[in-house]
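For the protein sequence lines, the chains are A and B, in the order given.
Residue numbers for the first sequence follow the numbering used here, beginning at 4 and rising by one.
Residue numbers for the second sequence follow the numbering used here, beginning at 4 and rising by one.
Contents: one structure, followed by commentary.
Number of protein chains: 2
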Amino acid sequence: MLARRETVTLRGLVAGTGVSTMAVYTYFDGMAGLLGAVRQEGFSRLAVRLSELSATNDPVSDLAETGAAYVASAQDNPELYVLMFDGSLPLPDAQAADASLQRLVDAVRRSVEAKRFDPNVDAVVLANELWMFGHGACMLFTTGVLGFEQVEPVVISGLSRLYCASGDDPEQASRSLARGWTRGLGQGR
Amino acid sequence: MLARRETVTLRGLVAGTGVSTMAVYTYFDGMAGLLGAVRQEGFSRLAVRLSELSATNDPVSDLAETGAAYVASAQDNPELYVLMFDGSLPLPDAQAADASLQRLVDAVRRSVEAKRFDPNVDAVVLANELWMFGHGACMLFTTGVLGFEQVEPVVISGLSRLYCASGDDPEQASRSLARGWTRGLGQGR
DNA sequence: TTTGTAAGATAACAACGCTATGTAATAACA
DNA sequence: TGTTATTACATAGCGTTGTTATCTTACAAA
């Protein structure tokens, strides 16, 4: 129903399933609980998708690939992305959400170790910056404020800027970014 | 009702006003239209608030102040901020929204002219990057995914990084950022 | 004074999430 | 194995939501 952009209603989702609305209360503790479970599932799927990316000998392109895969997953299921970041819904297990951020932290750390980034770069902080930037971008096109084609070039230029400010060589940065970005967007799901 | 975190309902807002629910339909074309008008009002107030900032001889601190004022306005009225970026609501006049972005563009441009930023920096693109970054940050704390105290340090470090990558001297950047940030947050509304 | 138009109160409608109640089916225990 | 306790969940209904249909009333134009 999310993908079809239908309003998700309790009566709507049990319609045609032969099951009554009560099942949602026994298994999910009502509508909020069910949407919370969907939210959880969204973070799980994102974690799986990011975990399927394999590291190369170019950690910065891996970093870009992670970002691209993140954006692509939001693009594939915009409504789910919006739901995932609705804080009013319950999220019993935040581990899946943290796991995705950890992917970014690791990629940053590897970029530091490969001497592409400055040794004094705090991997956790930079990863959070990259996430906030990407989250803002994803929110803008998933909510329909901007189109994806308006957002993408800004994201690419912004990531390149952040990589450079972290110590990477400008030309290397944009090369790695271009490579990682197409890799991450390409492997659709 | 937004500020009090009450659910905004049609019957709730006409209650006690002596007017009936029909007035909302004659003046706002229903609930969606009314919320759209509130959204519009949110952008207008933001534009006013940002327009009240005065330029100093330190354009980078002005840029930071604009960002801080933006963040502060989201912090003052989190629910309104979320509503403002709900793309499903109507926004008849996008001018107020554009005006706020233009503030950023101008501040960037002045930073370039003052030779704090590289001459080849595209002001519009950089302004959009800053906006996306700030929007992601604001969304995270307005929706309650993160607390403001978790977001703020990341924003500051991220902005500093973006300023540096645009050509500013690291020490000058963080000094201007610190000054502009306290100025922008300070002038509460 | 008459007539046309619009505002808006009243009331009802369909759909929503949710709960109370009742009824099978399953599990636990003697 | 017969009895009991518990769980799953269908049925039906409650209260509230946004919206609309109806109708009265006020005001403007002729």
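C-beta: ideal position from N, C-alpha, C; glycine also.
Buried versus exposed call for residue i [16 or more other C-beta atoms within 10 Å across all chains shown]
i                      : result
residue 131 of chain B : buried
residue 91 of chain B  : exposed
residue 192 of chain B : With a pLDDT of only 48 at residue 192 of chain B, under the threshold of 50, the placement of this residue in the model should not be trusted; the figure read from the coordinates follows. So residue 192 of chain B counts as exposed.
residue 50 of chain B  : buried
residue 103 of chain A : buried
residue 9 of chain A   : exposed
residue 43 of chain A  : buried
residue 52 of chain A  : buried
residue 68 of chain B  : buried
residue 35 of chain B  : exposed
residue 14 of chain A  : exposed
residue 6 of chain A   : exposed
residue 4 of chain A   : exposed
residue 18 of chain B  : exposed
residue 73 of chain A  : buried
residue 183 of chain B : buried
residue 76 of chain A  : buried
residue 71 of chain A  : buried
residue 33 of chain B  : exposed
residue 117 of chain A : exposed
residue 187 of chain B : buried
Opening and closing residue of the alpha helix (DSSP H) in which residue i lies
i                      : result
residue 154 of chain B : 151-168
residue 7 of chain A   : Careful: residue 7 of chain A lies outside any alpha helix (DSSP H) and carries neither H nor E.
residue 36 of chain A  : 33-54
residue 17 of chain A  : 13-17
residue 94 of chain B  : Run containing residue 94 of chain B: none; DSSP gives neither H nor E here.
residue 71 of chain B  : 62-79
residue 189 of chain B : 173-189
Validate contact between the stretch 165-183 of chain A and the stretch 139-147 of chain A using beta carbons, cut 8 Å, 3 pairs: no
Residues in the stretch 128-142 of chain B having any Cβ partner in chain A nearer than 9 Å: For the stretch 128-142 of chain B, the set of residues with a beta-carbon nearer than 9 Å to any beta-carbon of chain A comprises 128, 129, 131, 132, 133, 134, 135, 136, 137, 138, 139, 140, 141, 142, in chain order.
Residues from the stretch 113-126 of chain A in contact with chain B, defined by Cβ distance under 9 Å: 125
Runs of alpha helix (DSSP H) wholly within the stretch 112-146 of chain B (minimum 4 residues, chain order): 126-145
Interface positions of the stretch 81-100 of chain A facing chain B (Cβ-Cβ less than 8 Å), listed along the chain: Listed by position along the chain: 88, 89, 90, 91.
Given 8 Å, three or more beta-carbon pairs between the stretch 111-130 of chain B and the stretch 75-91 of chain B: no
Cβ-based contacts, 9 Å cut-off: residues of the stretch 42-76 of chain B near chain A: none
Interfacial residues, the stretch 158-169 of chain B to chain A, with Cβ spacing under 8 Å: Listed by position along the chain: 158, 160, 161, 164, 165, 167, 168, 169.
Three-pair Cβ contact test at 8 Å for the stretch 20-28 of chain B versus the stretch 98-112 of chain A: no
Members of the stretch 23-40 of chain B that neighbour chain A once the beta carbon cut-off is set at 7 Å: Result list empty, no residue passes.
Short-range partners of chain A found in the stretch 143-154 of chain B, where Cβ spacing is below 7 Å: Using a CB distance below 7 Å, the part of the stretch 143-154 of chain B facing chain A consists of 143, 146, 147, 148, ordered along the chain.
Cβ pair count under 8 Å reaching 3, the stretch 60-75 of chain B against the stretch 172-179 of chain B: yes
Meets three-Cβ-pair contact criterion under 8 Å: the stretch 132-139 of chain B and the stretch 157-165 of chain B: yes
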